[in-house]
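Everything below concerns the one structure shown next.
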Amino acid sequence: MMAWSVTARLAAAVLLIGALWLCVMWAGAPA
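Residues in the sequence shown are numbered consecutively from 15, following the numbering used here.
Structure representation (structure tokens):
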């Protein structure tokens, strides 16, 4: 079973997308 690998990749993808989204929201937010 490679379920742990799939879970790890999914978690990494979510964290990466979340970090990029936060950066875009923070940089694009009006100061």
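Backbone N, C-alpha and C define an ideal beta-carbon position, used for all residues, glycine too.
So the alpha helix (DSSP H) A22 belongs to, where does it begin and stop?
For A22, the enclosing alpha helix (DSSP H) covers residues 17-42.
Would you tell me roughly how many angstroms separate the C-alpha atoms of A26 and W35, rounded to the nearest one?
Just so you know, the alpha carbons of A26 and W35 end up roughly 14 angstroms apart.
Excluding the five sequence neighbours on either side, which residues of its own chain have a C-beta within less than 7 angstroms of the C-beta of V28, listed in chain order?
Nothing meets the Cβ criterion.
Have a look at V38 and L24 and give me their C-alpha separation to the nearest angstrom.
Straight-line Cα distance between these residues: approximately 21 angstroms.
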